[in-house]
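J.: I'd like to ask some things about the structure below.
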């Protein structure tokens, strides 16, 4: 154990202010473990780097997703910090390598016992995803899943069984059961029946299915208002911009529902989110994929005692069982209409759903989840990991983790705003020989492969320079010039075909 009676725990995860569900989960987990530990808990976070966010304490170290050496350095940092336990928040897309496999480079170098929380368990993984998850589980002394289905899937699909696997549900805010009408004035919703969906927006949310149900819901309940709360997921925003949100807004206009649908395109604080939840009559998750094992947003809605309508993805099937909500078929707008209008027009059903959901959520409030994790972190029987040292091989082989990360320093030195110099004397660019198209073409190949692994702005800038040179090398008849002098004039009478 670390000095004194303090239990030092390293968390490998994303973290606030990064805008993603796992960052929120980890922040809430640390806050509630801190409350349970009563001064005997010292967290440090090894966070996955976010391009647009700056981390503060307790983040002590950052990992660039696709830089393999960062994972090795992170392991060295954690070992040097003499932590008692390592808590990993696992999601395939959070870590670099095929199927997030770089994480295992880190875990297999750690000395402290590892407790891994699985946020996704695939029921039909391809070999790479299966191997990646099995490797993580094998490196862990405890594997946490958030529902019963996850326990059975780990056993049946991945062969992870026994005392290693433990069930700890997703935490739920500890809020009182309230009259939602009391909160509606905060958002100008007095006198309106409100439906809420919240979370980071992406196509898997199925919002268009709910929108197609709105005309019929409005006909049955003219005061209804549907609120879509949450910004577009940062990774979607980076890849596709706001195209999905714009398509939804066009659909609202085409359906004639503009007075009954509001989009709040922002990442809200916990307090504001709680107020929205308390004001809503019905919470809906019309998600399109059943292979979703956890849902923080649905957990929050159940915990605040909402009447919930959802498609039957795995998390919803467990949370809404035994009359705690209404399940509808995937993509079926008509069933959504029936479920929501039935709730809004039947007060006894409305309050029955709310009461059952709220009562169920009492066992999953964040303070209780914090206690469960603290008990696990503080267990006396967590085994100390011993890193096996392999015997030297008779054949000389270099491990991939011993190969240094590629550096752009020399390539950057040999590149100006025209292109890549043809020659150098040692590390000094030789301007005498100017540039050539075939070398710039090779640089395009190199930068394309580099950018695929390390999507850094500098690599993109170099790639643009080399592509621009190649574009300029082409004559109007389609032939390619190859040699350019340093004064930016093309060499006359150059040998034909050199650039092909």
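Residue numbers (the numbering used here): 6 to 505. Using N, Cα and C, we set each Cβ at its ideal position, and we do this for glycine too. None of the values given here were measured: they were computed from a predicted structure.
Let me know the alpha helix (DSSP H) ranges lying completely inside the stretch 420-483, each 4 residues or longer, listed in chain order.
T.: Qualifying alpha helix (DSSP H) stretches, in chain order: 442-458, 462-478.
J.: Mark residue 252 as exposed unless 16 or more other C-beta atoms lie within 10 angstroms of its C-beta, in which case mark it buried.
T.: So residue 252 counts as exposed.
J.: Can you tell which of 29, 15, 81, 26 has the C-alpha that lies nearest to the C-alpha of residue 63?
T.: Ranking the options by Cα distance to residue 63, first place goes to 15.
J.: So, is residue 12 buried or exposed, given that buried needs 16 or more other C-beta atoms within 10 angstroms?
T.: The residue in question, residue 12, is buried, as its Cβ has 16 or more Cβ neighbours within 10 Å.
J.: How should residue 424 be labelled, buried or exposed, when 16 other C-beta atoms within 10 angstroms of its C-beta is the threshold for buried?
T.: The residue is buried, with at least 16 neighbouring Cβ atoms inside 10 Å.
J.: Counting only runs of 3+ residues fully inside the stretch 136-215, write out the beta strand (DSSP E) ranges in chain order.
T.: Those beta strand (DSSP E) runs which fall completely within the stretch 136-215 and span 3+ residues are 147-150, 170-172, 199-203.
J.: Looking at the secondary structure, which residues open and close the alpha helix (DSSP H) in which residue 94 lies?
T.: Run containing residue 94: none in the alpha helix (DSSP H); it sits in the beta strand (DSSP E), 90-95.
J.: Around the Cβ of residue 85, are there at least 16 other Cβ atoms within 10 angstroms (buried) or fewer (exposed)?
T.: The residue is exposed, with fewer than 16 neighbouring Cβ atoms inside 10 Å.
J.: DSSP three-state call for residue 49: helix, strand or coil?
T.: Three-state DSSP puts residue 49 in a strand.
J.: So the alpha helix (DSSP H) residue 306 belongs to, where does it begin and stop?
T.: 301-308 is the extent of the alpha helix (DSSP H) around residue 306.
J.: Please tell me whether residue 177 and residue 374 are closer than 9 Å, where the distance is taken between their beta carbons.
T.: Yes, the Cβ-Cβ distance between residue 177 and residue 374 is below 9 Å.
J.: Might you give, ordered along the chain, the residues of its own chain that have their beta carbon closer than 7 Å to the beta carbon of residue 292, omitting 5 neighbours on each side?
T.: Within the same chain, residue 292 has close Cβ partners 209, 210, 211, 316, 318.
J.: Could you say if the stretch 113-125 and the stretch 46-64 meet the contact criterion of at least three C-beta pairs nearer than 8 Å?
T.: The stretch 113-125, when compared against the stretch 46-64, does not touch it at the 8 Å Cβ threshold.
J.: From residue 498 to residue 435, what does the alpha carbon distance come to, in whole angstroms?
T.: One C-alpha to the other measures close to 22 Å.
J.: Alpha carbon to alpha carbon, how far is residue 493 from residue 99? Give it in angstroms, no decimals.
T.: Roughly 45 Å between the two C-alpha positions.
J.: Measuring alpha carbon to alpha carbon, tell me which of 277, 415, 234 ends up nearest residue 269.
T.: Comparing Cα positions, the closest option is 234.
J.: To the nearest angstrom, how far is it from the Cα of residue 482 to the Cα of residue 475?
T.: Answer to the nearest angstrom: the Cα atoms are 15 Å apart.
J.: Looking at the C-beta of residue 372, does it have a partner C-beta in chain D at a distance below 9 Å?
T.: No chain D appears in the structure shown, which is made up of a single protein chain.
J.: Can you name, in chain order, every residue of its own chain whose Cβ lies under 7 Å from the Cβ of residue 371, other than the five neighbours on each side?
T.: These residues qualify, in order along the chain: 33, 37, 176, 177, 178, 179.
J.: Using CA coordinates, which residue listed in 458, 472, 444, 282 is at the minimum distance from residue 488?
T.: It is 444 whose Cα lies nearest to the Cα of residue 488.
J.: Put residue 318 into one of helix, strand or coil per three-state DSSP.
T.: Note: residue 318 maps to coil in three-state DSSP.
J.: Which residue's Cα is closest to the Cα of residue 145: 153, 168, 151, 161?
T.: Among 153, 168, 151, 161, the Cα nearest to that of residue 145 belongs to 168.
J.: Where does residue 18 sit, in a helix, a strand or coil, going by DSSP?
T.: In the structure shown, residue 18 sits in a strand (DSSP, three-state: E or B).
J.: Apart from the five residues just before and just after residue 432, which ones in its own chain have a Cβ nearer than 8 Å to its Cβ?
T.: Result list for residue 432: 415, 418, in chain order.
J.: Consult DSSP for residue 332 and reduce its assignment to one of helix, strand or coil.
T.: Looking at residue 332 - three-state DSSP - the assignment turns out to be strand.
J.: What's the call for residue 237, buried or exposed, on a 16-neighbour Cβ count within 10 Å?
T.: Buried, by the Cβ-count rule.
J.: Taking residue 288 as part of the alpha helix (DSSP H), name the residues at either end of that continuous run.
T.: Counting along the chain, residue 288 falls outside any alpha helix (DSSP H), though it belongs to the beta strand (DSSP E) covering 287-290.
J.: Is the beta carbon of residue 154 less than 9 Å from the beta carbon of residue 286?
T.: No.
J.: Among 469, 486, 463, 387, whose alpha-carbon lies nearest the alpha-carbon of residue 119?
T.: The residue with the shortest Cα to Cα distance from residue 119 is 387.
J.: Check for me: the beta strand (DSSP E) holding residue 231 runs from which residue to which?
T.: Element bounds for residue 231: 230-234.
J.: Please go through the same chain and pick out, in chain order, the residues whose beta-carbon is closer than 7 Å to the beta-carbon of residue 346, but skip the five residues on each side of it.
T.: 222, 225, 226, listed in sequence order.
J.: List the DSSP bridge partners of residue 268.
T.: Its beta-bridge partners are 233.
J.: Which term fits residue 288, buried or exposed, when burial requires 16 or more other beta carbons within 10 angstroms of its beta carbon?
T.: So residue 288 counts as buried.
J.: Helix, strand or coil: which one does DSSP assign to residue 67?
T.: Looking at residue 67 - three-state DSSP - the assignment turns out to be strand.
J.: Does the count of Cβ pairs from the stretch 184-203 and the stretch 156-164 closer than 8 Å reach three?
T.: Counting Cβ pairs under 8 Å, fewer than three are found: no touch.
J.: Measuring alpha carbon to alpha carbon, tell me which residue in 195, 344, 327, 95 is nearest residue 284.
T.: Selected option, being the one with the closest Cα: 195.
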